[in-house]
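Engineer:
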Amino acid sequence: MKKGFAAIFLVVPLVLGCAGIARAEEMFIEIKKEYRTSIKEEDGRLQFKEIYEKDGIIYRLKSVHTDNVEEIYPGDIITYDSDPFVGNPEKYAPQAVEQEGKRYSLKTSELSKAVTEETTKYSEASVLYEGVEYIDSLPEDARVKVINEDLKQELNVTLPAVGFKEESAYWDYNFTFPITVSGYDADSYMLGQTEISNRSPLIDHAELFLSYLNLPSQYYKITSVKWDGDPVSKDGEMIRNATAHGRKFVKDIRGIYGGAVTFPSIEANVYHGTYIDAEAENQTGQIIYKKEVTAIYERDGRKGFWNFLKWLLTNSVTLSILSILLIILLLLVIVKKMRKKHSSEKKLAEKKMKELTSSLRDDS
118 MKKGFAAIFL VVPLVLGCAG IARAEEMFIE IKKEYRTSIK EEDGRLQFKE
168 IYEKDGIIYR LKSVHTDNVE EIYPGDIITY DSDPFVGNPE KYAPQAVEQE
218 GKRYSLKTSE LSKAVTEETT KYSEASVLYE GVEYIDSLPE DARVKVINED
268 LKQELNVTLP AVGFKEESAY WDYNFTFPIT VSGYDADSYM LGQTEISNRS
318 PLIDHAELFL SYLNLPSQYY KITSVKWDGD PVSKDGEMIR NATAHGRKFV
368 KDIRGIYGGA VTFPSIEANV YHGTYIDAEA ENQTGQIIYK KEVTAIYERD
418 GRKGFWNFLK WLLTNSVTLS ILSILLIILL LLVIVKKMRK KHSSEKKLAE
468 KKMKELTSSL RDDS
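Numbering of the sequence shown is given in my numbering, commencing with residue 118 and proceeding in unit increments.
1. With a Cβ-Cβ cutoff of 8 Å, do alanine 361 and threonine 275 count as a contact?
2. Can at least three beta-carbon pairs, one atom from the region 388-397 and one from the region 189-199, be found at a separation below 8 Å?
3. So, is aspartate 347 buried or exposed, given that buried needs 16 or more other C-beta atoms within 10 angstroms?
4. Mapping DSSP to helix, strand and coil, what is lysine 157?
5. Do you know offhand how far alanine 139's Cα is from threonine 435's?
6. Assuming serine 299 contacts isoleucine 339 (C-beta within less than 8 Å), just tell me the rounded distance between them.
7. Note down the Cα distance separating isoleucine 451 from phenylalanine 145, rounded to an integer number of angstroms.
8. If contacts are defined as beta-carbon pairs under 8 Å, then tyrosine 414 and lysine 179 qualify, I think. What distance do you get, rounded to the angstrom?
9. Would you please state the rounded distance, in angstroms, between the beta carbons of isoleucine 296 and tyrosine 306? I believe it to be under 8 Å.
10. Check whether the region 370-383 touches the region 272-287, counting contact only when three or more Cβ pairs, one atom from each stretch, lie closer than 8 Å.
11. Excluding sequence positions up to five away, which residues of its chain have a Cβ less than 6 Å from the Cβ of asparagine 273?
12. Hey, how far is the Cα of lysine 491 from the Cα of isoleucine 383?
13. Which value, in whole angstroms, describes the spacing of the CA atoms of phenylalanine 380 and leucine 245?
14. Restricting to Cα atoms, I'd like to know which of Ser285, Ile175 and Val203 is closest to glutamate 271.
15. Kindly give me the distance between the Cβ atoms of tyrosine 406 and threonine 154, rounded to whole angstroms, as I take these residues to be in contact under 8 Å.
16. Please tell me whether glutamate 247 and lysine 365 are closer than 8 Å, where the distance is taken between their beta carbons.
17. If you check the beta carbons only, do tyrosine 392 and leucine 228 fall under 8 Å apart?
18. Name the two residues that bound the continuous alpha helix (DSSP H) containing tyrosine 251.
The following block contains the structure:
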């Protein structure tokens with residue numbers, strides 16, 4: 118029993134001593150970090166806390182040393198200045214621009230006021246002419262409204278035509294025109310130099326009517342001709358009026374008018390933007406230092422009971438050993454009690470035996 122207790126008391130210090138040796142290796146601990154800064158001389162100490170706790174043990178920052186420094190240069194930077202404008206700046210402040218096949222992202226922007234100069238620039242406006250016939254001619258000049266979109270200026274000016282664009286073509290069925298025939302008598306009448314029998318239906322001479330009016334048949338069609346009344350005498354000659362109905366081929370044509378227009382001076386905004394290569398690693402516009410640093414922490418040495426207990430509960434190996442030792446101790450205590458009880462019972466039995474033997478002798 119004594120040897121068992123001695124073994125326990127020898128093992129416990131040994132276990133705790135081994136733990137102490139294991140912990141002695143952590144009198145100092147190292148923590149590595151990588152960070153970026155624009156300050157070349159920065160030592161990295163601000164990246165670490167002064168106090169560090171691990172497994173219930175307090176460590177204090179002792180020193181910081183730099184392991185490696187890499188310089189990262191900014192990407193290409195370009196600037197973009199807008200023309201003067203009035204209105205929403207977002208339209209003139211793009212978040213990204215492309216130049217020579219490379220994409221640049223917005224870095225900084227600035228909006229300022231400016232007074233524009235009187236500006237003369239080429240401007241265009243259009244006029245839509247609907248239902249234009251073959252015989253119609255379009256104006257070579259037109260009064261149009263021109264707009265400077267950036268400065269929100271509108272002017273009414275007269276500009277020459279620079280082109281005409283057909284937008285649609287169709288048949289107009291509201292085509293009518295008057296016809297007057299002269300030399301009308303009981304048997305015939307004259308249409309120009311052609312004599313026509315008054316017994317012949319007017320529609321039979323539709324092509325002749327169009328020719329008389331110089332209207333090409335591919336653009337005009339007469340579907341009916343009706344007299345407007347009886348023949349009348351005019352200036353000693355019999356005449357008779359009629360009305361032709363039909364269709365005409367027309368077009369909707371847009372006329373483009375353009376020329377130099379002078380816009381007056383006004384107060385406007387100007388946008389100035391700075392853009393950096395979107396694929397560049399460094400987008401700060403200045404050199405960035407990528408540093409690898411190591412901090413050395415020294416154990417404080419002031420570890421209280423609760424910190425020790427916290428460490429013990431988190432150290433599974435030591436806790437397991439102590440649990441085994443505790444079980445062995447309990448077993449030894451139980452064995453000791455059982456032996457003590459057995460010894461007491463043996464002594465009691467021997468005592469009774471002696472008393473019995475003595476009693477027998479006395480009886481003899």
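No residue lacks a Cβ here, since even glycine has one placed at the ideal position from N, Cα and C.
Structural biologist: According to the structure shown:
1. no
2. The region 388-397 and the region 189-199 touch, with no fewer than 3 CB-CB distances between them shorter than 8 Å.
3. Label assigned to aspartate 347: exposed.
4. coil
5. Bear in mind that the predicted position of alanine 139 carries a pLDDT of just 42, short of 50, making it too unreliable to give a figure here.
6. Not a contact, Cβ separation roughly 20 Å.
7. 44 Å
8. 6 Å
9. Not confirmed; about 11 Å, so no contact.
10. yes
11. Lys262
12. Not covered by the structure: residue 491. The range shown for the chain is 118 to 481.
13. 25 Å
14. For glutamate 271, the closest of Ser285, Ile175 and Val203 by C-alpha to C-alpha distance is Val203.
15. 6 Å
16. no
17. no
18. Here tyrosine 251 belongs to no alpha helix (DSSP H), and DSSP marks it neither H nor E.
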